[in-house]
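Chemist: Numbering (our numbering), first residue to last: 566 to 877.
Beta carbons are placed, not taken as given, at the ideal position from N, Cα and C, and that holds for glycine.
My questions all concern the structure below.
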Amino acid sequence: MTTTVPKIFAFHEFSGVAEAVADHVVHAQDSALAPNNERKHSVTNISLNALDMTREASCKSTASVAETKSAGSSSGSNNCKLKKEKRFRIALSGGSLIQVLHEGLLKRDDVRWGEWDIYFADERLVPFSSNESNYGCAKRKILDLIDTAKYGTPTVYHIDESLIEDAQECADNYEKVLIRGFAGRDSVKLPMFDLFLLGCAPDGHIASLFPNFQDNLREKLAWVVPVENAPSGPSARISLTIPVICHSHRVTFVVEGATKAPIIKTIMERPEKGLPSSIVNEGAAGRVSWFVDDDALTDVLVTKKKYKFHPA
Ligand SMILES: O=C1O[C@H](COP(=O)(O)O)[C@@H](O)[C@H](O)[C@H]1O
């Protein structure tokens, strides 16, 4: 592994992180929705049927796609059509990121929520009512609080809650949700999110990709993998994979707090250790940014950048 250095924006306080992340998200939204942006959201060189067949060889089940939506969100049923309208496609992580977005995004008046397709980077396989559910937290802390009459209603793609007892089936099912959302008519290689937002836990896991879970970290084919026996938090999970993360137009890490400083030091100074974030720093080189508070950068030797807000 080479030593690819991502952009690291440093902030004195949490509020600074929240405001800058919100600005970064809105900038990504505006770029994706700009009339002259001809960005393609999928690469057309593998037949979708072939992809499906490959998947089904390793699937326990081919249960129907869980394209359910959050309460109050608009229907995802138009996803089988080739979308002509521009959409902002974002993958959200859970954990502390949700509070960052709550504080940063909800007070802005330039978020075009109605043009957003929201997917989840990972999910913990617990009921949505649990505080451990990434979708559940995002719903309660962000989605339910949007003034939809004014800003429109995002389309939200979460796991099928009825499948949380079977990580493999849940992962397969969510992968089908992604395939339908991103496939251009009949072919697709990898989804391309406009923005993929990640946190990083003190143990180094991102989404639900844990250090030392080598099979998951080396996964090349699947878009979504099941995770069992996770060493922290809920043990059963699903996660989008490294190739999906790295194929995104922008990949952004948001990390705060002194408890994260030791792992950030390893990620930035010892990329050869192959932590999940270091793999992404390398695999999405040039498209990766980190928004980090000073506490999380304690004793970390990196060049810090000052974030420049985009003009309104
Ligand atoms: O378990 C998880 O943890 C990571 C990191 O969370 P944080 O609270 O330390 O920021 C999170 O990004 C992921 O979505 C979640 O499932």
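1) Does residue 856 pass the burial test, meaning 16 or more other C-beta atoms within 10 Å, or should it be called exposed?
2) Is there contact between the stretch 566 to 583 and the stretch 857 to 873, where contact requires at least three CB pairs shorter than 8 Å?
3) Which term fits residue 570, buried or exposed, when burial requires 16 or more other beta carbons within 10 angstroms of its beta carbon?
4) Could you pull out every unbroken alpha helix (DSSP H) segment of at least 4 residues lying fully inside the stretch 785 to 822, listed in chain order?
5) Sort 678, 873 and 602 by Cα distance to residue 715 and report the nearest one.
6) Do you know offhand how far residue 713's Cα is from residue 838's?
7) How is the beta strand (DSSP E) around residue 689 delimited, first residue to last?
8) Do residue 795 and residue 818 have their beta-carbon atoms positioned less than 9 Å apart in this structure?
9) Smallest Cα separation from residue 808: which of 725, 798 and 850?
10) Apart from the five residues just before and just after residue 598, which ones in its own chain have a Cβ nearer than 7 Å to its Cβ?
11) Is residue 842 closer than 9 Å to residue 803 when the C-beta atoms are compared?
12) Return the chain-ordered ranges of every beta strand (DSSP E) run that is complete within the stretch 685 to 770 and spans a minimum of 3 residues.
13) Is any heavy atom in ligand 1 found nearer than 8 Å to the beta carbon of residue 825?
14) With DSSP as the reference, please indicate the residues paired to residue 855 in a beta bridge.
15) On the CB-based measure, 16 or more other CB atoms within 10 Å of its CB, does residue 875 come out buried or exposed?
16) Let me check you understand the geometry: is the CB of residue 597 closer than 8 Å to at least one non-hydrogen atom of ligand 1?
17) Nearer than 8 Å: is that true of the beta carbon of residue 850 relative to any heavy atom of ligand 1?
18) Give me the DSSP bridge partner(s) of residue 654.
19) Please confirm whether any heavy atom of ligand 1 lies closer than 8 Å to the CB of residue 765.
20) With 16 as the cutoff for other CB atoms within 10 Å, does residue 594 come out buried or exposed?
21) Taking residue 670 as the reference, give the member of 758, 707, 688 and 770 with the closest Cα.
22) Take residue 863 as the anchor and find which of 581, 788 and 825 has the nearest alpha-carbon.
23) Which value, in whole angstroms, describes the spacing of the CA atoms of residue 660 and residue 596?
24) I'd like the ranges of any alpha helix (DSSP H) spanning at least 4 consecutive residues and lying wholly in the stretch 824 to 852.
25) Confirm the yes/no value for this check: CB of residue 802, any heavy atom of ligand 1, distance under 8 Å.
26) Going by the DSSP bridge assignment, what does residue 870 pair with across the sheet?
27) From residue 746 to residue 723, what does the alpha carbon distance come to, in whole angstroms?
28) How long is the line joining the alpha carbons of residue 682 and residue 657, rounded to whole angstroms?
29) With respect to 8 Å, is the separation between the Cβ of residue 820 and the closest non-hydrogen atom of ligand 1 below this value?
Modeler: On the basis of the data shown:
1) It counts as buried.
2) Touching, per the Cβ criterion.
3) Counting Cβ neighbours within 10 Å, residue 570 comes out exposed, since fewer than 16 surround it.
4) The stretch 785 to 822 contains these whole alpha helix (DSSP H) runs: 807 to 811.
5) Closest option to residue 715, Cα to Cα, is 678.
6) Roughly 45 Å between the two C-alpha positions.
7) Where residue 689 is concerned, the enclosing beta strand (DSSP E) stretches over 687 to 689.
8) In this structure, residue 795 does not lie closer than 9 Å to residue 818 by Cβ.
9) 850 is the residue among 725, 798 and 850 whose C-alpha sits nearest the C-alpha of residue 808.
10) Answer for residue 598: 651, 653, 677 and 680, listed in chain order.
11) Result no, Cβ atoms of residue 803 and residue 842 do not sit closer than 9 Å.
12) Complete beta strand (DSSP E) runs here, min 3: 687 to 689 and 760 to 763.
13) Checking every heavy atom of ligand 1 against the Cβ of residue 825, one is found closer than 8 Å.
14) Bridge partners of residue 855: 573 and 818.
15) Classification of residue 875: exposed, given that the 10 Å Cβ count is below 16.
16) Remark: the shortest separation between the CB of residue 597 and any heavy atom of ligand 1 does not fall under 8 Å.
17) Proximity of the beta carbon of residue 850 to ligand 1 is not indicated: no heavy atom of the ligand is located closer than 8 Å.
18) In DSSP, residue 654 forms a bridge with 682.
19) Relative to the non-hydrogen atoms of ligand 1, the Cβ of residue 765 comes within a distance shorter than 8 Å of at least one.
20) When all chains shown are included, residue 594 counts as buried.
21) Out of 758, 707, 688 and 770, 707 has the C-alpha closest to the C-alpha of residue 670.
22) If we check each option's Cα against that of residue 863, 825 comes out closest.
23) C-alpha separation (whole angstroms): 26 Å.
24) Secondary structure within the stretch 824 to 852: the alpha helix (DSSP H) runs of 4 or more consecutive residues, fully enclosed, are 826 to 834 and 841 to 848 (chain order).
25) For residue 802, the shortest C-beta to heavy atom distance toward ligand 1 is below 8 Å.
26) According to the DSSP secondary-structure assignment, residue 870 is paired through a beta bridge with 574.
27) Rounded to whole angstroms, residue 746 to residue 723 spans 12 Å at the Cα level.
28) When rounded, the distance between both Cα atoms is 11 Å.
29) The answer is yes for residue 820.
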